[in-house]
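In the working numbering, the protein residues as written are 23 to 274.
From the three backbone atoms N, C-alpha and C, an ideal C-beta is built for every residue, glycine too.
Listed below in C-alpha coordinates is the structure:
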(Lines of atoms letter the chains of each structure in order from A and count residues from 1; the text may use other names and numbers.)
(Lines give C-alpha, C1' and ligand atoms only; values in the text may rest on other atoms or scores of the structure.)
Protein backbone atom coordinates (compact mmCIF):
# COMPACT_ATOMS: atom_id res chain seq x y z
CA UNK A 1 0.00 0.00 0.00
CA UNK A 2 1.22 3.52 -0.75
CA UNK A 3 1.02 6.45 1.62
CA UNK A 4 -1.72 7.85 -0.61
CA UNK A 5 -3.70 4.67 -0.09
CA UNK A 6 -3.19 4.94 3.65
CA UNK A 7 -4.60 8.47 3.63
CA UNK A 8 -7.93 7.20 2.32
CA UNK A 9 -8.18 4.34 4.82
CA UNK A 10 -10.67 4.56 7.67
CA UNK A 11 -7.88 3.76 10.11
CA UNK A 12 -6.04 6.94 9.12
CA UNK A 13 -9.12 9.01 9.88
CA UNK A 14 -9.21 7.32 13.28
CA UNK A 15 -5.53 8.14 13.81
CA UNK A 16 -6.13 11.80 12.98
CA UNK A 17 -8.94 11.94 15.54
CA UNK A 18 -6.82 10.34 18.27
CA UNK A 19 -3.83 12.51 17.34
CA UNK A 20 -5.90 15.69 17.64
CA UNK A 21 -7.32 14.61 20.99
CA UNK A 22 -3.88 13.83 22.40
CA UNK A 23 -2.44 17.02 20.94
CA UNK A 24 -5.09 19.11 22.64
CA UNK A 25 -4.32 17.60 26.05
CA UNK A 26 -1.38 19.44 27.70
CA UNK A 27 -0.87 16.49 30.04
CA UNK A 28 0.00 14.39 26.96
CA UNK A 29 1.51 16.75 24.40
CA UNK A 30 3.04 20.18 24.82
CA UNK A 31 3.28 22.48 21.81
CA UNK A 32 4.59 20.72 18.73
CA UNK A 33 5.80 17.71 20.73
CA UNK A 34 4.67 14.12 20.37
CA UNK A 35 4.15 12.16 17.18
CA UNK A 36 1.93 9.38 15.84
CA UNK A 37 2.05 7.03 12.88
CA UNK A 38 0.26 4.33 10.96
CA UNK A 39 1.79 1.85 8.53
CA UNK A 40 0.71 -0.88 6.15
CA UNK A 41 2.36 -2.72 3.29
CA UNK A 42 5.73 -1.11 3.94
CA UNK A 43 4.38 2.46 3.81
CA UNK A 44 3.97 4.77 6.80
CA UNK A 45 2.34 8.11 7.49
CA UNK A 46 4.12 9.84 10.38
CA UNK A 47 3.62 13.26 11.92
CA UNK A 48 5.80 15.95 10.37
CA UNK A 49 8.42 17.91 12.28
CA UNK A 50 7.23 21.22 13.70
CA UNK A 51 3.54 20.52 13.14
CA UNK A 52 1.02 20.16 15.96
CA UNK A 53 -0.90 16.96 16.64
CA UNK A 54 -3.72 19.20 17.82
CA UNK A 55 -4.21 20.26 14.16
CA UNK A 56 -4.52 16.72 12.78
CA UNK A 57 -8.21 17.12 11.94
CA UNK A 58 -7.90 20.51 10.29
CA UNK A 59 -4.67 20.31 8.27
CA UNK A 60 -2.30 17.76 6.80
CA UNK A 61 0.41 17.10 9.40
CA UNK A 62 1.62 13.70 8.13
CA UNK A 63 4.48 12.71 5.83
CA UNK A 64 4.59 9.59 3.64
CA UNK A 65 7.66 7.48 4.49
CA UNK A 66 9.05 4.19 3.19
CA UNK A 67 8.85 2.43 6.57
CA UNK A 68 10.15 -0.90 5.32
CA UNK A 69 13.23 0.67 3.75
CA UNK A 70 13.87 2.86 6.78
CA UNK A 71 13.52 -0.05 9.22
CA UNK A 72 15.93 -2.15 7.14
CA UNK A 73 18.50 0.67 7.17
CA UNK A 74 18.14 1.07 10.94
CA UNK A 75 18.56 -2.63 11.63
CA UNK A 76 21.60 -2.82 9.38
CA UNK A 77 23.16 0.29 10.91
CA UNK A 78 23.50 1.92 7.50
CA UNK A 79 24.52 5.61 7.55
CA UNK A 80 21.57 6.74 5.43
CA UNK A 81 19.29 5.96 8.39
CA UNK A 82 20.50 9.22 9.94
CA UNK A 83 18.54 11.18 7.32
CA UNK A 84 14.81 10.39 7.40
CA UNK A 85 14.30 12.58 4.31
CA UNK A 86 15.97 9.84 2.22
CA UNK A 87 12.92 7.67 2.90
CA UNK A 88 10.18 10.20 2.18
CA UNK A 89 7.99 9.10 -0.72
CA UNK A 90 6.68 11.55 -3.28
CA UNK A 91 3.04 12.13 -2.57
CA UNK A 92 0.30 14.60 -1.70
CA UNK A 93 1.92 16.07 1.42
CA UNK A 94 1.97 19.85 0.85
CA UNK A 95 4.33 22.54 2.08
CA UNK A 96 7.60 20.62 2.02
CA UNK A 97 6.96 18.99 5.38
CA UNK A 98 9.80 16.96 6.88
CA UNK A 99 9.40 13.79 8.96
CA UNK A 100 9.70 14.06 12.73
CA UNK A 101 13.13 13.54 14.27
CA UNK A 102 11.58 10.48 15.93
CA UNK A 103 10.44 8.87 12.66
CA UNK A 104 13.02 6.14 13.22
CA UNK A 105 11.31 4.77 16.30
CA UNK A 106 8.00 4.60 14.42
CA UNK A 107 9.57 2.74 11.53
CA UNK A 108 11.51 0.40 13.84
CA UNK A 109 8.46 -0.89 15.72
CA UNK A 110 6.53 -3.69 14.03
CA UNK A 111 3.04 -2.66 15.14
CA UNK A 112 0.90 -0.84 12.56
CA UNK A 113 -0.03 2.00 14.94
CA UNK A 114 2.41 3.89 17.18
CA UNK A 115 1.57 6.77 19.51
CA UNK A 116 4.34 8.76 21.20
CA UNK A 117 3.48 11.41 23.78
CA UNK A 118 5.31 13.40 26.41
CA UNK A 119 2.81 12.17 28.97
CA UNK A 120 3.30 14.12 32.21
CA UNK A 121 2.31 11.16 34.40
CA UNK A 122 4.87 8.99 32.62
CA UNK A 123 7.65 11.57 32.76
CA UNK A 124 7.03 12.11 36.49
CA UNK A 125 7.93 8.45 37.01
CA UNK A 126 10.57 8.14 34.29
CA UNK A 127 12.75 10.96 35.66
CA UNK A 128 13.18 9.24 39.02
CA UNK A 129 16.30 7.24 39.85
CA UNK A 130 14.09 4.20 40.48
CA UNK A 131 11.75 5.03 37.62
CA UNK A 132 12.16 1.75 35.75
CA UNK A 133 11.11 -0.39 38.71
CA UNK A 134 8.28 1.98 39.65
CA UNK A 135 6.88 2.06 36.12
CA UNK A 136 7.09 -1.67 35.46
CA UNK A 137 5.50 -2.46 38.82
CA UNK A 138 2.59 -0.15 38.05
CA UNK A 139 2.24 -1.66 34.56
CA UNK A 140 2.29 -5.31 35.67
CA UNK A 141 0.31 -7.44 33.23
CA UNK A 142 1.01 -5.17 30.27
CA UNK A 143 3.73 -5.89 27.71
CA UNK A 144 5.89 -3.01 28.92
CA UNK A 145 9.62 -2.29 28.85
CA UNK A 146 11.74 0.57 30.17
CA UNK A 147 14.18 2.19 27.74
CA UNK A 148 16.96 4.22 29.39
CA UNK A 149 17.33 7.77 28.08
CA UNK A 150 18.69 8.09 24.57
CA UNK A 151 18.87 11.24 22.48
CA UNK A 152 15.84 11.66 20.18
CA UNK A 153 16.58 10.49 16.66
CA UNK A 154 18.70 7.51 15.67
CA UNK A 155 20.06 6.87 19.21
CA UNK A 156 16.51 6.50 20.53
CA UNK A 157 15.42 4.29 17.62
CA UNK A 158 18.43 2.05 18.22
CA UNK A 159 17.72 1.88 21.95
CA UNK A 160 14.15 0.81 21.25
CA UNK A 161 15.32 -1.85 18.80
CA UNK A 162 17.68 -3.12 21.49
CA UNK A 163 14.71 -3.36 23.89
CA UNK A 164 12.69 -5.30 21.31
CA UNK A 165 10.58 -4.09 18.40
CA UNK A 166 7.32 -5.82 19.27
CA UNK A 167 6.34 -4.62 22.77
CA UNK A 168 3.13 -2.76 23.48
CA UNK A 169 4.45 -0.15 25.90
CA UNK A 170 7.79 1.64 26.02
CA UNK A 171 8.54 3.87 28.99
CA UNK A 172 11.29 6.21 27.83
CA UNK A 173 13.61 7.25 30.64
CA UNK A 174 13.54 11.04 31.15
CA UNK A 175 11.42 11.40 28.03
CA UNK A 176 7.89 10.01 27.77
CA UNK A 177 5.68 7.22 26.52
CA UNK A 178 5.36 5.12 23.36
CA UNK A 179 2.54 2.63 22.81
CA UNK A 180 2.16 0.31 19.83
CA UNK A 181 -0.80 -1.81 18.73
CA UNK A 182 -2.52 -3.39 15.74
CA UNK A 183 -5.34 -0.83 15.60
CA UNK A 184 -5.83 2.83 16.45
CA UNK A 185 -8.51 1.96 19.01
CA UNK A 186 -6.24 -0.56 20.75
CA UNK A 187 -3.33 1.88 20.83
CA UNK A 188 -5.52 4.67 22.23
CA UNK A 189 -6.93 2.36 24.92
CA UNK A 190 -3.44 1.21 25.88
CA UNK A 191 -2.19 4.78 26.05
CA UNK A 192 -5.07 5.74 28.34
CA UNK A 193 -4.49 2.70 30.58
CA UNK A 194 -0.79 3.45 31.02
CA UNK A 195 -1.58 7.07 31.85
CA UNK A 196 -4.21 5.98 34.38
CA UNK A 197 -1.83 3.59 36.12
CA UNK A 198 1.07 6.01 36.32
CA UNK A 199 -0.89 9.12 37.28
CA UNK A 200 -0.35 10.25 40.85
CA UNK A 201 -2.36 12.72 42.92
CA UNK A 202 -2.55 16.18 41.39
CA UNK A 203 -1.57 19.07 43.64
CA UNK A 204 -3.75 22.13 43.14
CA UNK A 205 -2.29 25.62 43.44
CA UNK A 206 -3.49 27.31 46.66
CA UNK A 207 -5.95 30.20 46.37
CA UNK A 208 -3.60 32.38 48.44
CA UNK A 209 0.18 32.32 48.95
CA UNK A 210 1.30 29.13 50.64
CA UNK A 211 3.08 29.44 53.98
CA UNK A 212 5.54 26.73 54.97
CA UNK A 213 5.80 27.98 58.56
CA UNK A 214 5.34 25.15 61.02
CA UNK A 215 5.18 22.46 58.33
CA UNK A 216 8.74 21.24 58.63
CA UNK A 217 9.28 22.02 54.93
CA UNK A 218 11.47 24.74 53.41
CA UNK A 219 11.49 26.38 49.99
CA UNK A 220 14.26 25.07 47.75
CA UNK A 221 16.97 27.66 47.39
CA UNK A 222 20.32 28.81 48.75
CA UNK A 223 19.29 27.60 52.22
CA UNK A 224 19.43 23.98 51.01
CA UNK A 225 22.54 23.93 48.80
CA UNK A 226 22.73 20.14 48.46
CA UNK A 227 19.31 19.83 46.84
CA UNK A 228 19.82 22.99 44.82
CA UNK A 229 23.11 21.64 43.47
CA UNK A 230 21.34 18.50 42.27
CA UNK A 231 18.78 20.46 40.26
CA UNK A 232 20.50 23.67 39.18
CA UNK A 233 21.60 23.69 35.57
CA UNK A 234 19.98 20.35 34.78
CA UNK A 235 17.25 19.39 32.36
CA UNK A 236 14.98 16.46 33.18
CA UNK A 237 13.56 15.66 29.71
CA UNK A 238 13.86 16.98 26.12
CA UNK A 239 10.87 19.33 26.19
CA UNK A 240 12.23 20.83 29.42
CA UNK A 241 15.07 22.26 27.34
CA UNK A 242 12.77 23.35 24.50
CA UNK A 243 10.24 25.19 26.66
CA UNK A 244 12.13 26.07 29.86
CA UNK A 245 15.79 26.20 28.95
CA UNK A 246 18.67 24.08 30.21
CA UNK A 247 18.10 24.36 33.97
CA UNK A 248 15.63 24.85 36.80
CA UNK A 249 14.99 28.36 38.13
CA UNK A 250 15.85 28.63 41.81
CA UNK A 251 15.03 31.42 44.27
CA UNK A 252 17.73 34.05 44.59
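Alpha-carbon to alpha-carbon, residue 36 and residue 206
Counting from one through the chain shown, the residue named residue 206 turns up at place 184. Counting from one through the chain shown, the residue named residue 36 turns up at place 14. Those two C-alpha atoms are separated by around 6 angstroms.
Whole-angstrom C-beta distance between residue 158 and residue 166, which should lie under 8 angstroms:
Reading the chain shown from its first residue, position 144 is the one you call residue 166. Reading the chain shown from its first residue, position 136 is the one you call residue 158. Between residue 158 and residue 166 the Cβ distance is about 6 angstroms, and since that is below 8 angstroms, they are a contact.
With distances taken from CA atoms, which of 170, 34 and 140 is nearest residue 185?
For the purposes of this step, residue 185 is identified with residue 163 of the chain shown, where counting begins at 1. For the residues 170, 34 and 140, the minimum Cα distance to residue 185 belongs to 170.
Select from 196, 221, 49 and 135 the residue whose C-alpha is nearest the C-alpha of residue 65.
Locating residue 65 in the chain shown gives position 43, where the first residue counts as 1. The shortest Cα separation from residue 65 among 196, 221, 49 and 135 belongs to 135.
Whole angstroms is fine: what's the gap from residue 68's alpha carbon to residue 139's?
In the chain shown, the residue the question calls residue 68 occupies position 46. In the chain shown, the residue the question calls residue 139 occupies position 117. The alpha-carbon atoms of residue 68 and residue 139 are separated by roughly 13 angstroms.
Once you ignore the five residues that flank residue 38 on each side, which residues in its own chain have a CB closer than 7 angstroms to its CB?
For the purposes of this step, residue 38 is taken as residue 16 along the chain shown, with counting starting at 1. Same-chain partners within the cutoff: 78 and 79.
Nearest to residue 100 by CA position, among 210, 41 and 176, is which residue?
Locating residue 100 in the chain shown gives position 78, counting from the first residue. Nearest C-alpha to residue 100: 176.
Leaving out five residues on either side along the sequence, give the residues of the same chain with a beta carbon under 6 angstroms from the beta carbon of residue 104.
In the chain shown, counting from the first residue as 1, residue 104 sits at position 82. The residues are 176.
For residue 85, list the residues DSSP reports as bridge partners.
Here residue 85 is taken as the residue at index 63 of the chain shown, counted from 1. Answer is 68, bridged to residue 85.
Is the beta carbon of residue 30 closer than 8 angstroms to that of residue 41?
The count along the chain shown starts at 1 and reaches residue 41 at position 19. The count along the chain shown starts at 1 and reaches residue 30 at position 8. In this structure, residue 30 does not lie closer than 8 angstroms to residue 41 by Cβ.
Using 10 angstroms around the beta-carbon of residue 182, count the other beta-carbons present and answer buried if the total reaches 16, otherwise exposed.
What you label residue 182 is simply residue 160 of the chain shown in a count that begins at 1. That one is buried.
Excluding five sequence neighbours on each side, which residues of the same chain lie with their C-beta closer than 6 angstroms to the C-beta of residue 153?
Within the chain shown, the letter at position 131 stands for residue 153. Once the five neighbours on either side are set aside, the close Cβ partners of residue 153 are 147.
Starting from residue 136, follow the alpha helix (DSSP H) in both directions and report where the run begins and ends.
The residue given as residue 136 occupies position 114 in the chain shown. Annotation: residue 136 is outside any alpha helix (DSSP H); the continuous beta strand (DSSP E) that includes it extends over 135-139.
Would you say residue 168 touches the ligand GTP, meaning its beta carbon is less than 7 angstroms from a heavy atom?
As presented, the structure is devoid of all ligands, the ligand GTP included, so that no description of it is given.
Taking the beta carbon of residue 162 as the centre, do at least 16 other beta carbons fall within 10 Å, making it buried, or is it exposed?
The count along the chain shown starts at 1 and reaches residue 162 at position 140. Exposed is the call here.
Inter-residue CB distance, residue 141 and residue 46 (contact presumed, cutoff 8 angstroms):
Start at 1 with the first residue of the chain shown, and residue 141 comes out as number 119. Start at 1 with the first residue of the chain shown, and residue 46 comes out as number 24. At roughly 14 angstroms, the Cβ-Cβ gap does not stay under 8 angstroms, so residue 141 and residue 46 are not in contact.
So the candidates are 110, 180 and 128; which of them puts its Cα closest to the Cα of residue 97?
As a working note, residue 97 is residue 75 in the chain shown. Ranking the options by Cα distance to residue 97, first place goes to 180.
Rounded to a whole number of angstroms, what is the C-alpha to C-alpha distance between residue 54 and residue 143?
Indexing the chain shown from 1 puts residue 54 at position 32. Indexing the chain shown from 1 puts residue 143 at position 121. Straight-line Cα distance between these residues: approximately 18 angstroms.
Beta-carbon proximity check, residue 194 vs residue 216, cutoff 8 angstroms
One-based indexing of the chain shown puts residue 194 at position 172. One-based indexing of the chain shown puts residue 216 at position 194. In this structure, residue 216 does not lie closer than 8 angstroms to residue 194 by Cβ.
In the DSSP output, which residue or residues are listed as bridge partners for residue 235?
Position 213 of the chain shown, counted from the first residue, corresponds to residue 235. Paired residues: none, contrary to the question.
Which residues in the same chain have their Cβ closer than 7 angstroms to the Cβ of residue 258, if we skip the five residues on either side of it in sequence?
Position 236 of the chain shown, counting from 1, holds the residue named residue 258. Hits under 7 angstroms: 149 and 196.
In the DSSP assignment, the alpha helix (DSSP H) including residue 34 goes from what residue to what residue?
For the purposes of this step, residue 34 is taken as residue 12 along the chain shown, with counting starting at 1. Residue 34 -> alpha helix (DSSP H) spans 32-45.
Alpha carbon to alpha carbon, what distance is there between residue 209 and residue 84?
Here residue 84 refers to the residue found at position 62 when the chain shown is read from its first residue. Here residue 209 refers to the residue found at position 187 when the chain shown is read from its first residue. When rounded, the distance between both Cα atoms is 18 angstroms.
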